[in-house]
Amino acid sequence: MAASHPPGGARSNAAILGQVGFIIAVPIAVGAWLGLQIDGAAGTSPIGLLGLIFVGMVIAGVGVGVLIKRYADENPIEPSTERAREAGRRWEAEIREKERRKEAGEDEDR
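Right, dumping it as structure tokens:
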């Protein structure tokens, strides 16, 4: 039986990066190509090109937003554990103690 891999990692990050790149590049490239075709047929250069590149950018932005929402829904941020809270409390107490010793003029080499 093969060991299961935890979520995340280099492969997962590369897959997400590839999806984002695809979601951004394809609508913009298709918009540019269609814009050039429309400009060539209608003689409206560069209005069709610029307009459809802009439309492609909007579609790409919506696509990235959907991808981010899907990723966030699949990977919720877990609340802090009691162990993490206790570590934070100890760290804050240590900082307060160092500040108290500094204000009292005690030796800091302890």
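In terms of the numbering used here, the sequence shown opens at residue 10 and continues consecutively. Here a beta-carbon is modelled for each residue, glycine too, at the ideal position from N, C-alpha and C.
| Item | Value |
| --- | --- |
| Length of the line joining the Cα atoms of VAL35 and ILE56 | 20 angstroms |
| Same chain only: Cβ atoms within 8 angstroms of ILE32, ignoring 5 sequence neighbours per side | ALA69, GLY72, VAL73 and LEU76 |
| Inter-stretch contact (C-beta, 8 angstroms, three-pair minimum) for the region 57-68 and the region 35-46 | yes |
| Nearest candidate by alpha-carbon position, reference VAL64, set ALA38, ASP82 and GLY52 | ALA38 |
| Own chain partners of SER54 with C-beta closer than 7 angstroms, once the 5 adjacent residues on each side are dropped | ASP48 |
| Nearest candidate by alpha-carbon position, reference THR90, set GLU112, ARG98 and ASN84 | ARG98 |
| Which of helix, strand or coil DSSP assigns to ASN84 | coil |
| Under the three-state DSSP convention, the category SER54 falls into | coil |
| Selection from VAL67, ASN22 and ALA50 that minimises the alpha carbon distance to GLY40 | VAL67 |
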